[in-house]
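>
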Amino acid sequence: MQKLIIANWKMNLGLAESRALAAEYKKQFAGWVNTQIVACPSEFALTTVAKELKGSKVSLGAQNCFWESKGAFTGETSATALQEIGCQYILLGHSERREYLGESCRQVNLKLKNVLSATRIMPVVCVGENAKVRKAGKHLAFVDGQLKRALTGIKWREARLVIAYEPIWAIGTGLVPSTQDAAEMHLAIRSRLIKLMGADLGRQVPILYGGSVSPANSTGFLKIVEVGGLLVGGASLEAAKFNKIANFKQK
Ligand code: PGA
Numbered sequence: 440m441q442k443l444i445i446a447n448w449k450m451n452l453g454l455a456e457s458r459a460l461a462a463e464y465k466k467q468f469a470g471w472v473n474t475q476i477v478a479c480p481s482e483f484a485l486t487t488v489a490k491e492l493k494g495s496k497v498s499l500g501a502q503n504c505f506w507e508s509k510g511a512f513t514g515e516t517s518a519t520a521l522q523e524i525g526c527q528y529i530l531l532g533h534s535e536r537r538e539y540l541g542e543s544c545r546q547v548n549l550k551l552k553n554v555l556s557a558t559r560i561m562p563v564v565c566v567g568e569n570a571k572v573r574k575a576g577k578h579l580a581f582v583d584g585q586l587k588r589a590l591t592g593i594k595w596r597e598a599r600l601v602i603a604y605e606p607i608w609a610i611g612t613g614l615v616p617s618t619q620d621a622a623e624m625h626l627a628i629r630s631r632l633i634k635l636m637g638a639d640l641g642r643q644v645p646i647l648y649g650g651s652v653s654p655a656n657s658t659g660f661l662k663i664v665e666v667g668g669l670l671v672g673g674a675s676l677e678a679a680k681f682n683k684i685a686n687f688k689q690k
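Plus 439 on top of the position in the sequence shown (first one is 1) and you've got my numbering.
So, in structure tokens, the structure goes:
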């Protein structure tokens, strides 16, 4: 399966900066065939970036959405509106949203159900434990619980889902799990997906790794059997650096 490499620009860029980085991506990934590349700018920059990426190999993704398609929900944006402006991916339940905005597994579940029923967008559900949970040796059970709650009550007819495993202690810190630790978690996630979705669909879901991904460590993660790609924050803000991460086959 082709690897999926997602850039999460978070809230790092203004409008002009987002447009400029999108233009750089377009250049860097011209004629690209190796991997599926996705850029997730801030919501206010989506239409600008969509225009800039037109005709390129880079797909557009959003960093969040609401769980209803329409209504009196001040300040929120629906997945259907995001689809209208060209989003093909949506990140759901990123740990920063869980931490700073109190986003719960139940909300992630509602958002996921809405994305699946109201759009054709690919949802990317983020999971991952913090340092305390990892130290206590409870990381596998913790992530398993997050998955069960996020995916509950869904009848799967197709494998329209991506999971991103991002240990919180690795995000933006320069720390990363060992290959064995990442492999152990990815295997555990795979077995939960198979239980929830059935073997056929559960095997098709790409499971990304995220957290301090860099050109120096990306190949190591991508070699792990169950790693279907990467979710990249800081290192995606420079197009050339991000290209090195995505260009793992030619290293
Ligand atoms: P990072 O962020 O690559 O800067 O650690 C990853 C993420 O939060 O998606």
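The C-beta atom is built at its ideal place from N, Cα and C for all residues, glycine as well.
What number of angstroms, rounded off, separates the C-alpha of glutamine 689 from the C-alpha of alanine 469?
Against the sequence shown, residue 689 aligns to sequence position 250. Against the sequence shown, residue 469 aligns to sequence position 30. In this prediction, glutamine 689 has a pLDDT of 43, which is less than 50 and means its spatial position is unreliable; what the coordinates show is noted afterwards. The straight-line gap from Cα to Cα measures roughly 16 Å.
> Nearest CA to the CA of threonine 617: which residue from Ile445, Glu677, Thr591 and Val652?
Your numbering for residue 617 matches position 178 in the sequence shown. Before going on, a small fix: residue 617 reads as serine here, not threonine. Of the candidates Ile445, Glu677, Thr591 and Val652, the one whose C-alpha sits nearest the C-alpha of serine 617 is Val652.
> Between Thr487, Ser556 and Leu521, which has its C-alpha nearest leucine 592's C-alpha?
Taking the first residue of the sequence shown as 1, we reach residue 592 at position 153. It should be pointed out that residue 592 corresponds to glycine in this sequence rather than to leucine. Answer by Cα proximity: Ser556.
> Quick one: Cα of phenylalanine 693 to Cα of asparagine 682, how far?
Because the chain here runs from 440 to 690, residue 693 falls outside it and cannot be looked at.
> Does methionine 450 come out as helix, strand or coil in the three-state DSSP assignment?
Within the sequence shown, the letter at position 11 stands for residue 450. Coil at methionine 450, not helix or strand.
> If we count the other Cβ atoms within 10 Å of its Cβ and call it buried at 16 or more, is tyrosine 648 buried or exposed?
Stepping through the sequence shown from its first residue, residue 648 is reached at position 209. By the neighbour-count rule (16 or more Cβ atoms within 10 Å), tyrosine 648 is buried.
> May I ask which residues mark the beginning and end of the alpha helix (DSSP H) holding glutamine 475?
Reading the sequence shown from its first residue, position 36 is the one you call residue 475. Unbroken run through glutamine 475 is the beta strand (DSSP E), 475-479; no alpha helix (DSSP H).
> Could you work out which residue in Met440, Asn686, Gly667 and Leu586 is closest to leucine 632 when comparing CA atoms only?
On the sequence shown, residue 632 is found 193 positions in, with the first residue counted as 1. Out of Met440, Asn686, Gly667 and Leu586, Leu586 has the C-alpha closest to the C-alpha of leucine 632.
> For ligand 1, any of its heavy atoms closer than 7 Å to the Cβ of glycine 470?
Counted from its first residue, the sequence shown places residue 470 at position 31. Answer for glycine 470: no, Cβ out of range of ligand 1.
> Use the C-beta contact count for glutamate 677: other C-beta atoms within 10 angstroms, 16 or more gives buried, fewer gives exposed.
Counted from its first residue, the sequence shown places residue 677 at position 238. Classification of glutamate 677: exposed, given that the 10 Å Cβ count is below 16.
> Can you find a heavy atom of ligand 1 that lies under 7 Å from the Cβ of glycine 667?
Within the sequence shown, residue 667 is the residue found at index 228, counting from 1. Every heavy atom of ligand 1 is 7 Å or more from the Cβ of glycine 667, so no.
> Using the Cα positions of alanine 484 and leucine 499, report the straight-line distance between them to the nearest angstrom.
Along the sequence shown, read from residue 1 onward, the residue named residue 484 stands at position 45. Along the sequence shown, read from residue 1 onward, the residue named residue 499 stands at position 60. Cα-Cα distance, rounded: 11 Å.
> Considering valine 582, what are the terminal residues of the alpha helix (DSSP H) in which it resides?
Translated into positions along the sequence shown, residue 582 becomes position 143. That run of the alpha helix (DSSP H) goes 578-589.
> Isoleucine 646 and glycine 673 - do their beta-carbons sit closer together than 8 Å?
If you number the sequence shown from 1, residue 673 lands on position 234. If you number the sequence shown from 1, residue 646 lands on position 207. Contact flag unset, no.
> Pull up the DSSP beta-bridge partners for proline 562, would you.
Numbered from its first residue, the sequence shown carries residue 562 at position 123. Partner(s): Ile529.
> Measure the Cβ-Cβ separation of tyrosine 539 and glycine 567 and say whether it is below 8 Å.
If you number the sequence shown from 1, residue 539 lands on position 100. If you number the sequence shown from 1, residue 567 lands on position 128. The answer is no: Cβ separation not under 8 Å.
> State the Cα-Cα distance for the pair glycine 650 and glycine 611, rounded to the nearest angstrom.
By 1-based counting over the sequence shown, the position of residue 650 is 211. By 1-based counting over the sequence shown, the position of residue 611 is 172. So the alpha carbons of these two residues sit roughly 7 Å apart.
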